[in-house]
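> Protein chains in written order, with the working numbering: chain A, 522 to 772; chain B, 522 to 772.
Number of protein chains: 2
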Amino acid sequence: MSGNALASKSLGEAPEERRFLSTSEATALERELLDEYRFGWQQLVELYGHASAVAVTKAFPLSLLSRKQRTVLVVCGPEQNGAVGLACARHLRVFDYQPSIFCPVRSADTLHRDLTTQCEKMDIPFLSFLPAEARLIDDAYGLVVDALLGPGVLPAEAGGPCARALATLRRLSIPLVSLDVPSGWDAEAGGDAADALQPDVLVSLAAPKSCARRFTGRRHFVAGRFVPEDVRRKFGLRLPEYAGTECVAAL
Amino acid sequence: MSGNALASKSLGEAPEERRFLSTSEATALERELLDEYRFGWQQLVELYGHASAVAVTKAFPLSLLSRKQRTVLVVCGPEQNGAVGLACARHLRVFDYQPSIFCPVRSADTLHRDLTTQCEKMDIPFLSFLPAEARLIDDAYGLVVDALLGPGVLPAEAGGPCARALATLRRLSIPLVSLDVPSGWDAEAGGDAADALQPDVLVSLAAPKSCARRFTGRRHFVAGRFVPEDVRRKFGLRLPEYAGTECVAAL
Numbered sequence: 522m523s524g525n526a527l528a529s530k531s532l533g534e535a536p537e538e539r540r541f542l543s544t545s546e547a548t549a550l551e552r553e554l555l556d557e558y559r560f561g562w563q564q565l566v567e568l569y570g571h572a573s574a575v576a577v578t579k580a581f582p583l584s585l586l587s588r589k590q591r592t593v594l595v596v597c598g599p600e601q602n603g604a605v606g607l608a609c610a611r612h613l614r615v616f617d618y619q620p621s622i623f624c625p626v627r628s629a630d631t632l633h634r635d636l637t638t639q640c641e642k643m644d645i646p647f648l649s650f651l652p653a654e655a656r657l658i659d660d661a662y663g664l665v666v667d668a669l670l671g672p673g674v675l676p677a678e679a680g681g682p683c684a685r686a687l688a689t690l691r692r693l694s695i696p697l698v699s700l701d702v703p704s705g706w707d708a709e710a711g712g713d714a715a716d717a718l719q720p721d722v723l724v725s726l727a728a729p730k731s732c733a734r735r736f737t738g739r740r741h742f743v744a745g746r747f748v749p750e751d752v753r754r755k756f757g758l759r760l761p762e763y764a765g766t767e768c769v770a771a772l
Numbered sequence: 522m523s524g525n526a527l528a529s530k531s532l533g534e535a536p537e538e539r540r541f542l543s544t545s546e547a548t549a550l551e552r553e554l555l556d557e558y559r560f561g562w563q564q565l566v567e568l569y570g571h572a573s574a575v576a577v578t579k580a581f582p583l584s585l586l587s588r589k590q591r592t593v594l595v596v597c598g599p600e601q602n603g604a605v606g607l608a609c610a611r612h613l614r615v616f617d618y619q620p621s622i623f624c625p626v627r628s629a630d631t632l633h634r635d636l637t638t639q640c641e642k643m644d645i646p647f648l649s650f651l652p653a654e655a656r657l658i659d660d661a662y663g664l665v666v667d668a669l670l671g672p673g674v675l676p677a678e679a680g681g682p683c684a685r686a687l688a689t690l691r692r693l694s695i696p697l698v699s700l701d702v703p704s705g706w707d708a709e710a711g712g713d714a715a716d717a718l719q720p721d722v723l724v725s726l727a728a729p730k731s732c733a734r735r736f737t738g739r740r741h742f743v744a745g746r747f748v749p750e751d752v753r754r755k756f757g758l759r760l761p762e763y764a765g766t767e768c769v770a771a772l
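(1) Rounded to whole angstroms, what's the CA-CA distance from B/GLN601 to A/LYS730? Just pull it up for me.
(2) At what residues does the beta strand (DSSP E) containing A/VAL626 begin and finish?
(3) So with CB distances below 7 Å, who are the chain B contacts of A/PRO749?
(4) What do you reckon, are the CB atoms on A/PRO652 and A/SER621 nearer than 8 Å?
(5) What does the Cβ neighbour count give for B/PRO710, buried or exposed, with the cut at 16 atoms within 10 Å?
(6) Counting Cβ pairs closer than 8 Å, one from the segment 693-702 of chain B and one from the segment 573-582 of chain B, do we hit at least three?
(7) Contact between the segment 546-554 of chain B and the segment 556-568 of chain A is defined here as three or more beta-carbon pairs at a separation below 8 Å; is this criterion met?
(8) Work out the CA separation of B/ALA708 and B/PRO659 for me, nearest whole Å.
(9) Which runs of the beta strand (DSSP E) spanning at least 3 residues fall entirely within the segment 571-617 of chain A, listed in chain order?
(10) Which residues in chain B have a C-beta closer than 7 Å to the C-beta of A/TYR558? List them in chain order.
(11) Write down every uninterrupted run of the beta strand (DSSP E) in the segment 656-736 of chain A whose length is 3 residues or greater and which is fully enclosed by it, in chain order.
(12) Evaluate B/THR766 with the Cβ neighbour count: other Cβ atoms within 10 Å of its Cβ, from every protein chain shown; 16 or more gives buried, anything less gives exposed.
(13) Along the chain, where does the beta strand (DSSP E) containing A/VAL769 start, and where does it finish?
(14) Inspect the beta-carbon positions of B/ALA728 and B/PHE756 and report whether they are closer than 8 Å.
(15) So B/MET766 contacts chain A; which residues on that side make the cut at Cβ distance below 7 Å?
(16) So with CB distances below 7 Å, who are the chain B contacts of A/ARG746?
(17) In chain order, what residues of the same chain lie with their CB nearer than 8 Å to the CB of B/THR689, ignoring the 5 residues before and after it?
(18) Shorter than 8 Å from the beta carbon of A/ASP635 to some beta carbon of chain B?
(19) So, helix, strand or coil for A/VAL752, using DSSP?
(20) What number of angstroms, rounded off, separates the C-alpha of B/CYS624 from the C-alpha of B/VAL665?
(21) In the DSSP assignment, what residue or residues form a beta bridge with A/VAL566?
(22) Tell me the DSSP secondary structure of A/ARG634 in three-state form.
Next comes the structure, spelled out in structure tokens:
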């Protein structure tokens, strides 16, 4: 068994577990990008948001969608995940989708506020509340992007408005795209909790986190083309090749 | 004549002159993005740098290049144009080109410094000086990206190191890609001056500037997919459609 593992290693194939980052590895990778490489949040959020929108176009190509199916509800929490959701919504608008945004809590963070202004000025509608009745959302939108809770934020810690939004999202029947760690999932153990979402599409930011092993939806993308080669090597990321100038790759 | 102009307008075809921004219009468009839409410099530079690199891949596809032709000298000035050049070099590296960077003057600007760190940490070589002999550069690199002087910076105002770099670039025979306004060009009148570069490829950032009318090189791209529809309308930009999720369009 260990001989086989060695053989597969020498062929350049990573053992399955090396493709997924533990919470502490994910934090270390992010710190490496921010502290060592001097990437800025604004820059990272733009790269992630753009790539997330491109992933949506691959999972749900515009040409195959009816007018109604092009309507996308993007649910953005107050943390970094939510900022990526706001940038994703803006790029979806540019790609001719019809996003609407719901932020259960408005963030005081400057980047969040600026990204919100960009969306507002582009006439992307912001919902003032999320209908509690799932059917109303299922009827109004073609799909939902979940940028609600960041990695490691459990529903119990999320606070009233976010927890209520999560409870509603869980009852939807339209396709669901989660950014990075699906809301309600434990970043390591995954989404076994009753209040966890079960996304159809997962977009891992930078690299897949441990929980992504439990993902059973139909498409899994990684949005980390910009991650420098040395960082990939340091964290043992053996990801599929990104083709051409693509910013996402299917896993 | 005016009847024809009206007819072409009603068909949605813009008269040629509406496609190019005067210096004051370009400044107003930038202020609109920064002040009204709250885009940040970091965000804009990342979008422009990424799109510029994508434009290079379209004009010089990797698959058609020999190993030597993949080497790209990116010449970055101390202004915003130079920051876009640094981001472009990083994305070129990610796209498997072999960029090297020359900055005649190191900028004290934080964003410049951070983008420089990103490139340095990715092992992109920085030249400490530019050989004055053009042949040495022609022999060493496949192409040059000119991100030296921003719009409206005339060589006489540029200061010794930048003016000297420009004088060298003018004598090169390898293909030249200029970002936004080719170095040495007047942003309005174009590049008639003896010390102006004559690029093979022009990448207009956000929208083409007046001087681009005088561009006679082989490919002209615009990198402004993210520019909101309302801003395009306000400034009378009638640009070709961006296909799919493309961040650049050929003019």
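Note that beta-carbon positions come from the ideal geometry of N, C-alpha and C, so glycine has one too.
If we stick to the structure as given:
(1) 36 Å
(2) First-last for A/VAL626: undefined, no H or E at that position.
(3) By Cβ distance, chain B contributes LYS642, MET643.
(4) no
(5) Residue identity check: residue 710 of chain B is Ala in the sequence provided, not Pro. Under this definition B/ALA710 is an exposed residue.
(6) yes
(7) no
(8) Residue identity check: residue 659 of chain B is Asp in the sequence provided, not Pro. Near 28 Å, if we compare the C-alpha coordinates of B/ALA708 and B/ASP659.
(9) 592-597
(10) Residues of chain B with a Cβ closer than 7 Å to the Cβ of A/TYR558 are, in chain order, THR638, GLN639, LYS642.
(11) 664-668, 697-700, 722-726
(12) Buried, since its Cβ has 16 or more Cβ neighbours within 10 Å.
(13) Unbroken run through A/VAL769: none, as it is neither H nor E.
(14) The answer is yes: Cβ separation under 8 Å.
(15) Looking at the sequence itself, residue 766 of chain B is Thr, so the reference to Met does not match. Here the neighbours are VAL575, THR578, PHE616.
(16) For a Cβ distance threshold of 7 Å, residue set VAL615 of chain B lies close to A/ARG746, ordered along the chain.
(17) If we look at B/THR689 and ignore the five residues flanking it on each side, its Cβ neighbours are LEU651, PRO652, ALA653, ALA655, ILE658.
(18) yes
(19) helix
(20) 13 Å
(21) Here A/VAL566 is not bridged, per DSSP, to any residue.
(22) helix
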